[in-house]
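Worksheet for the structure shown next.
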Amino acid sequence: MTAIGVAHFPPHEGAPSLELLGFCKRFGSLMALDDVSVKVKAGAFHALLGENGAGKSTLVKCAMGYYAADQGQILLNGREVEIHRPRQAHELGLGMVYQHFTLVPNMTVLENFVLSRDQLPAVIDWSAERRALKTFFETTPFTVPLDTPVADLAAGQKQKGEILRQLYLKRNLLILDEPTSVLTPDEADEVLSTLKELTDAKQITIITITHKFREVNAFCDTVTVLRRGKLIDTKPTAELDNDMMAEMMVGRRENRTVVERNVREPGKPVLQVEGLCVADNVGQRAVEQLTLDVRAGEIVGIAGVSGNGQRELVETLAGQRHAESGRVLVHGELYRATRPEMIRHKIACLPEEPLRNACVAEMSVAENMALRSFDQPPASPDGIRLRRSPMRAAARKLIDAYRVKTPGPDAPIKGLSGGNVQRAVLARELSSEGDLLIVANPCFGLDFAAVAEIRGRIVQARNRGAAVLLVSEDLDEILQLSDRIVVMFDGKLAFEAMAAQAEIGAIGRAMAGH
Amino acid sequence: MSPKDQVALESPPAALVTAPASSSARDNMRAILERIAVPALALLASAVIFGLLLAIYAGVDPLEAFALMYQGAFGTWFSWQNTLTRAAPLILTALCTALPARLGLVIIGNEGALVLGGVAAAAAGVAVSAASPLVVQLTMIVAGMLAGGLWIAFAGALRQYRGVNETISSLLLTYIAIALMNHFVEGPLRDPESLNKPSTRAIGDINMIGTIPGMDVHWGLAFGIVACIAVFLFQRFTTWGFAMEVIGGNPKTARMMGLNVGRYVLLACGAGGAAAGLAGTVEVAAVMGRANASLAVGYGYSGILVSFLARHNPLAIIPVAVLLGGISASGGLLQRRLDLPDAAVVVLQGIIFVVILASETLYGRLLPRRQGS
Numbered sequence: 001m002t003a004i005g006v007a008h009f010p011p012h013e014g015a016p017s018l019e020l021l022g023f024c025k026r027f028g029s030l031m032a033l034d035d036v037s038v039k040v041k042a043g044a045f046h047a048l049l050g051e052n053g054a055g056k057s058t059l060v061k062c063a064m065g066y067y068a069a070d071q072g073q074i075l076l077n078g079r080e081v082e083i084h085r086p087r088q089a090h091e092l093g094l095g096m097v098y099q100h101f102t103l104v105p106n107m108t109v110l111e112n113f114v115l116s117r118d119q120l121p122a123v124i125d126w127s128a129e130r131r132a133l134k135t136f137f138e139t140t141p142f143t144v145p146l147d148t149p150v151a152d153l154a155a156g157q158k159q160k161g162e163i164l165r166q167l168y169l170k171r172n173l174l175i176l177d178e179p180t181s182v183l184t185p186d187e188a189d190e191v192l193s194t195l196k197e198l199t200d201a202k203q204i205t206i207i208t209i210t211h212k213f214r215e216v217n218a219f220c221d222t223v224t225v226l227r228r229g230k231l232i233d234t235k236p237t238a239e240l241d242n243d244m245m246a247e248m249m250v251g252r253r254e255n256r257t258v259v260e261r262n263v264r265e266p267g268k269p270v271l272q273v274e275g276l277c278v279a280d281n282v283g284q285r286a287v288e289q290l291t292l293d294v295r296a297g298e299i300v301g302i303a304g305v306s307g308n309g310q311r312e313l314v315e316t317l318a319g320q321r322h323a324e325s326g327r328v329l330v331h332g333e334l335y336r337a338t339r340p341e342m343i344r345h346k347i348a349c350l351p352e353e354p355l356r357n358a359c360v361a362e363m364s365v366a367e368n369m370a371l372r373s374f375d376q377p378p379a380s381p382d383g384i385r386l387r388r389s390p391m392r393a394a395a396r397k398l399i400d401a402y403r404v405k406t407p408g409p410d411a412p413i414k415g416l417s418g419g420n421v422q423r424a425v426l427a428r429e430l431s432s433e434g435d436l437l438i439v440a441n442p443c444f445g446l447d448f449a450a451v452a453e454i455r456g457r458i459v460q461a462r463n464r465g466a467a468v469l470l471v472s473e474d475l476d477e478i479l480q481l482s483d484r485i486v487v488m489f490d491g492k493l494a495f496e497a498m499a500a501q502a503e504i505g506a507i508g509r510a511m512a513g514h
Numbered sequence: 001m002s003p004k005d006q007v008a009l010e011s012p013p014a015a016l017v018t019a020p021a022s023s024s025a026r027d028n029m030r031a032i033l034e035r036i037a038v039p040a041l042a043l044l045a046s047a048v049i050f051g052l053l054l055a056i057y058a059g060v061d062p063l064e065a066f067a068l069m070y071q072g073a074f075g076t077w078f079s080w081q082n083t084l085t086r087a088a089p090l091i092l093t094a095l096c097t098a099l100p101a102r103l104g105l106v107i108i109g110n111e112g113a114l115v116l117g118g119v120a121a122a123a124a125g126v127a128v129s130a131a132s133p134l135v136v137q138l139t140m141i142v143a144g145m146l147a148g149g150l151w152i153a154f155a156g157a158l159r160q161y162r163g164v165n166e167t168i169s170s171l172l173l174t175y176i177a178i179a180l181m182n183h184f185v186e187g188p189l190r191d192p193e194s195l196n197k198p199s200t201r202a203i204g205d206i207n208m209i210g211t212i213p214g215m216d217v218h219w220g221l222a223f224g225i226v227a228c229i230a231v232f233l234f235q236r237f238t239t240w241g242f243a244m245e246v247i248g249g250n251p252k253t254a255r256m257m258g259l260n261v262g263r264y265v266l267l268a269c270g271a272g273g274a275a276a277g278l279a280g281t282v283e284v285a286a287v288m289g290r291a292n293a294s295l296a297v298g299y300g301y302s303g304i305l306v307s308f309l310a311r312h313n314p315l316a317i318i319p320v321a322v323l324l325g326g327i328s329a330s331g332g333l334l335q336r337r338l339d340l341p342d343a344a345v346v347v348l349q350g351i352i353f354v355v356i357l358a359s360e361t362l363y364g365r366l367l368p369r370r371q372g373s
């Protein structure tokens, strides 16, 4: 027929149905999936909705064989199948498209497609492959240029390439993990509508993980909502409106705090952000004309799904990233994140993953605790000489006060557990009784006790009059700690309300772009 | 098990939180042992490779050769002085790599800073040669250090403000530096009486930096040792040294602390270049009496080797430089007794450098890590 090794493309065998029954998955003490069952009809465009950490990715990764589920059955077209490895999933026609691109940037589309096949001959007949791929592209709803290096493709084309590759590999059940998060709305619409045509023609079945209600409303026919590892419900999109979806996603929650806080009127603005624009690592605008005030004695919580510019905002305020335009004022003075300014205004930061973002892993606990104060008395009487014994003494006090579990002040900080690294950083940052505290996902990956303690310390700082900017992907944390809540979506502020009056559904809608 | 499972399982239950204490003490011990064992093994491996080379290629008994090398390097007071004289510039040029290395930079432009330092020192010395010897010497030192310092600081600035890889730029700047030296000694600064070997005018015997009393070794050795101790004290006991360690350890954290990374890059590169410039100055003011192409004989390149062998630790640079100085001092004896080419010891140096670089991958793997720690 054709040369050896050249894939030929029989018409799709049609869209399969998929049933996931009773999935459980535990990571340590965390129940990531708790008896979750989802039925996806053949030819469906099925949305999986949920907050960060709701278990959506865990569920599909179990289905794809990346994780071994503790329990759970998979029924494909009504027949039970075993999937222990991704390759088994591939052979059954299941394919996954990730949030971030997986095509090799410096290779052409043709090379990428051919090399991603599970089995390759030792010698590849490129001209035959090219002919075969051209023929294949005649049958697909959209195409991408074959001989262009992937790096030269626009984001939308890359995502189309990722999808086409799945079709080329004869996968007829596609799982898309936030496929549009790197696309513009127009690109997203184009990609999703062509996929919609394929599902309508019953050629493929699609499960898509998303946070965006707009896309769910426009393209998906069924919605499954997960919350904290549990299945909430599966319903046809037609029966749902945005309020119902938001409520299913975030639930009805205690809007009030468990941490004791003073009743106090916020004071003067400490942090003023005016028209701030920041680019992300690849040069795209991540923060767009952001204006925000944080006043003394209040906690402003920024809620939002990750990737909406929060990281770039925090890095800019912490001095780790340059703004493109706009300005930041602290106590009414222009703030450029230099060390003298940080010391004068007593600015403190608690970033996520403190070992990576706020520590020097190879240096000792005492040295890491002195990063803010090593050039101030008593560690340095004149800003030049460095005396290690006061440094160590100060560290001992902080270790006791913040109950950091460490072999001693001279142990390298990288040997400490995550909670203790965060406590050490907290001790360093809060011991100066700062006026402005910038906090990002401070409890990410920490155990229950550490979480309660760290949240308590943040509220204490607010009670004594510090201005706190809290960025968190954990909505509970925002609700529990904040005096005022804003939502960041697509680099802009999408919502603002006092925490006492904030309506949870409105926050959920704003997080999803409505 | 997938990576995520492992991460989740690693967060220990409360009963196990004391475990990191003992394991981190063990880790420290292991790290210290490795810091000695890895370079020692690398030196041993280099000696074996060099020995095989001698036996197979040159038909020389390697043991005899090594005995002769010891003789030539450390066997007599005379050979010790020869060794120390060769070690002096290596100590200074090694600092040119070691200081920026503290910030995580790999600078290998030592040779360029050395030759420019030498030329600048000679030019300055000739210009003020009428003044008192002390003034002339100080002027030369300042000029030499300034030239070397600015040269490497330029590589640092390219890195900090234009994103140019500092390793490549400092290496290429060396070629430019050597070309500049040739231009000056053959052109504007040439002594018309230097016929065979174009050189600058002599700075005058009276202005030469002499030898350390009681030895034939010039003052450059003392400068080098003092510089290494000063750098050690700077790194250990000043806030600037501390800030540099933070920057080298985690630049992101350093920026969060508001540290002015650019300033420290320029400072470290400038100081490193100044040390290499001082090495060039000493070659002119204590050995050659004038600047010419003999400045570029590879002390700068050997300095890179010394710094890496010392793991960029300023105090370790001194013994390592003496070892390398000894190897090069023994070249003459190997040549006379065994009829080996003078370059044989350069081959040994090259082998050591490659093996040392390769041995970097052994850190953290050499001593078996106990399961579960």
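Residue numbers (UniProt numbering), protein chains in the order written: chain A, 1 to 514; chain B, 1 to 373. The C-beta atom is built at its ideal place from N, Cα and C for all residues, glycine as well.
Beta-carbon contacts of residue i that lie in its chain and below 6 Å, excluding the five residues immediately before and after
| i | result |
| --- | --- |
| residue 257/A | Because residue 257/A carries a pLDDT of 45, less than 50, the predicted location of this residue cannot be relied on, and the following value inherits that uncertainty. Excluding residues within five positions, the ones whose Cβ falls inside 6 Å are 480. |
| residue 162/A | 97 |
| residue 89/A | 64, 65, 83 |
| residue 315/A | 321 |
| residue 181/B | 115, 119 |
| residue 39/A | 19 |
Endpoints, the beta strand (DSSP E) within which residue i is located
| i | result |
| --- | --- |
| residue 79/A | 79-81 |
| residue 416/A | Residue 416/A -> no beta strand (DSSP E), and no H or E assigned at all. |
| residue 507/A | First-last for residue 507/A: 504-511, but that is the alpha helix (DSSP H), not the beta strand (DSSP E). |
| residue 498/A | 492-498 |
| residue 341/B | No beta strand (DSSP E) holds residue 341/B; DSSP gives it neither H nor E. |
| residue 96/A | 94-97 |
| residue 274/A | 269-279 |
| residue 124/A | Taken as a continuous stretch (DSSP letters only), residue 124/A belongs to no beta strand (DSSP E), as it is neither H nor E. |
Enclosing alpha helix (DSSP H) for residue i [first to last residue]
| i | result |
| --- | --- |
| residue 345/A | 339-345 |
| residue 516/A | Outside the displayed range of chain A (1 to 514) lies residue 516/A, so it cannot be described from this structure. |
| residue 22/A | No alpha helix (DSSP H) holds residue 22/A; the beta strand (DSSP E) holding it covers 18-27. |
| residue 245/A | 242-250 |
| residue 152/B | 133-162 |
C-beta neighbour in chain E for residue i, strict 8 Å
| i | result |
| --- | --- |
| residue 270/B | Considering every chain present, this structure includes no chain E. Its protein chains are A and B. |
Distance between beta carbons of residue j and residue i, contact taken as under 8 Å
| i | j | result |
| --- | --- | --- |
| residue 329/A | residue 467/A | Contact flag wrong, Cβ pair sits at about 12 Å. |
| residue 177/A | residue 306/A | About 13 Å separates the two Cβ atoms, so there is no contact after all. |
| residue 166/A | residue 95/A | 4 Å |
| residue 180/A | residue 188/A | 4 Å |
| residue 278/B | residue 117/B | 6 Å |
| residue 408/A | residue 450/A | That belief does not hold up - the Cβ atoms of residue 408/A and residue 450/A are roughly 20 Å apart, past 8 Å. |
| residue 150/A | residue 105/A | 5 Å |
| residue 366/A | residue 401/A | At roughly 14 Å, the Cβ-Cβ gap does not stay under 8 Å, so residue 366/A and residue 401/A are not in contact. |
Spatial neighbours of residue i in its chain, beta-carbon cut-off 8 Å, leaving aside the 5 residues before and after
| i | result |
| --- | --- |
| residue 357/B | 308 |
| residue 21/A | 37, 72, 73, 74, 75 |
Nonlocal neighbours in the same chain, by C-beta distance under 7 Å from residue i, ignoring five residues either side
| i | result |
| --- | --- |
| residue 323/A | 276, 277, 278, 316 |
Contained alpha helix (DSSP H) runs [length at least 4] in the region 186-272 of chain B, N- to C-terminal order: Contiguous alpha helix (DSSP H) elements confined to the region 186-272 of chain B occur at 220-237, 239-249, 251-256, taking only those with 4 or more residues.
Which residues of the region 189-220 of chain B have a Cβ closer than 9 Å to any Cβ of chain A? Give them in chain order. Of all residues in the region 189-220 of chain B, none comes within less than 9 Å of chain A when Cβ atoms are compared.
If the cut-off is 8 Å on Cβ atoms, which residues from the region 293-323 of chain A count as contacting chain B, listed in chain order? Listed in sequence order: 318, 319, 320.
What are the start and end residues of each continuous alpha helix (DSSP H) run of 4 or more residues lying completely inside the region 286-328 of chain B, in chain order? 299-309
Along the region 301-325 of chain B, what residues have a CB closer than 7 Å to any CB found in chain A? none
Residues of the region 376-397 of chain A whose Cβ lies closer than 7 Å to any Cβ of chain B, in chain order: 380, 383, 384, 385, 386
For the region 163-212 of chain A, which segments carrying the alpha helix (DSSP H) assignment without a break, of at least 4 residues, lie completely within its bounds, in sequence order? 185-200
Could you name each continuous alpha helix (DSSP H) segment of 4 residues or more that falls completely within the region 37-110 of chain B, going from the start of the chain to the end? Taking only runs of at least 4 residues, the alpha helix (DSSP H) segments lying wholly in the region 37-110 of chain B are 62-70, 77-101.
Just by C-beta distance, which residues in the region 354-365 of chain A are closer than 8 Å to chain B? 356, 357, 358, 359, 360, 361, 362, 363
Using a Cβ-Cβ cut-off of less than 8 Å, give me the residues of the region 45-60 of chain A that come near chain B, in sequence order. none
Check distances from the C-beta atoms of the region 220-246 of chain B to those of chain A and list, in chain order, the residues that come in under 9 Å. 236, 237, 238, 239, 240, 241, 242, 243, 245, 246
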